[in-house]
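In this note's numbering, the protein residues as written are 7 to 400. Shown next, in structure tokens, is the structure this report addresses.
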């Protein structure tokens, strides 16, 4: 026991020293870009349902999956809605993948998979195809293959041959078969498994590698970066720029760089909540969809930004957590449609966010961003002057 406590103390001391060496003040830390304006799409302006489960950007087109159908947003408007009467296999759209070569849209629902091509639907269910289960959460397109995350495991369709291949606890190391998300990563695939951790599949080598909670204590992580923070993994994202895999759990965020794990909790970061529905990453940026707002991490600088509607005014709140843990709060006149965030995607410097009460389009305005940062500097300078006067008067 004494050895364990001594080892823990040494690790914590080393971690604190490392953090102290890398910390920069708010004044010197690189300033992250800010989303300063929000445009919301709800049932009032054409969305089929307020609850938006997923969103996928395809150039100027934005596809949104709701609890009652699929919506196409283009040129700032909801241009088309697809429901079961239009051929969609089931009303609840949980995942969307666009084939970049053909423009076809593949849709994961709670009643199977729909393929939208040329305005026509082709549907796949457990009874009519090799799909493992009709309850589908995630979907991805890689070359001629369509990968589907279901509650019974993972299925893959070869669109050239029509052949289905499936993996579950019967032929792969699924601790639990309930699959939530898929992330293509070159010649590998990553799968988020609810209660089963993270699964890595080497496609060429047909080799599986599971990542689970290393101490097998579902409630806690004994050491901060010892491994996946929790085995209840809600979704997964792969960043081709950094070669990192990001796993969202209901107990925090985990990033894996191929050798080391990097875990983030609300108690030691600017993360809005430990209950996370999905991550998304590109460049040095990691976006985190939580039940209490949308959080952004600049992995290189360890600067956090969280977005949420304010309870009092309904305006937008931006909370910046700098590397030295100091915080700044800013207000914008517009806000996310809701603080419960389910998914998001990128469109240039803009973002699209799926929330429990609508689809939000986040827009970066450099001039407004500069004004907000100037207000921080002005506020800090005023505080420093006041402090100096107070000290002088002593």
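Backbone N, C-alpha and C fix where the C-beta goes; we use that ideal spot for every residue, glycine too. Everything numeric in this text was worked out from a predicted model, so none of it was measured.
- What is the DSSP secondary structure of residue 280, reduced to helix, strand or coil? Of the three classes helix, strand and coil, the one that applies to residue 280 here is coil, per DSSP.
- Query: Between which two residues does the beta strand (DSSP E) carrying residue 194 extend?
  - Reply: Per DSSP, the continuous beta strand (DSSP E) segment holding residue 194 begins and ends at 194–199.
- Query: How big is the Cα-Cα spacing for residue 51 and residue 283?
  - Reply: 26 angstroms
- Keeping to the same chain, check which residues put their C-beta closer than 6 angstroms to that of residue 146; ignore five residues upstream and five downstream. 103, 153, 188, 190
- Task: Tell me, please, whether the segment 313–321 touches the segment 250–266 by the rule of three or more beta-carbon pairs shorter than 8 angstroms.
- Result: no
- Roughly how many whole angstroms lie between the Cα atoms of residue 91 and residue 269? 45 angstroms
- Would a C-beta distance cut-off of 7 angstroms place residue 298 and residue 275 closer than the cut-off? no
- Item | Per-residue burial, residue 55 [other beta carbons within 10 Å of its own, 16 or more giving buried] | buried
- From the DSSP output, in three-state form, read off residue 77 for me. strand
- Message: For the structure I just gave you, are there three or more beta carbon pairs, one from the segment 286–304 and one from the segment 344–356, closer than 8 angstroms?
- Response: yes
- Query: In terms of residues, what are the limits of the beta strand (DSSP E) holding residue 362?
  - Reply: It is not in any beta strand (DSSP E) - residue 362 carries neither H nor E in the DSSP assignment.
- Helix, strand or coil at residue 215 [DSSP, three-state]: strand
- Task: Leaving aside the five residues before and after residue 210 along the sequence, list all residues of the same chain whose C-beta is less than 6 angstroms from its C-beta, in chain order.
- Result: 193
- Looking only at its own chain, which residues have a Cβ that is under 6 angstroms from the Cβ of residue 46, when we skip the five neighbours before and after it? 343, 364, 366
- Task: Confirm, please, whether the CB-CB distance from residue 327 to residue 42 is below 7 angstroms.
- Result: Here residue 42 is not near residue 327, since their CB atoms are 7 angstroms or more apart.
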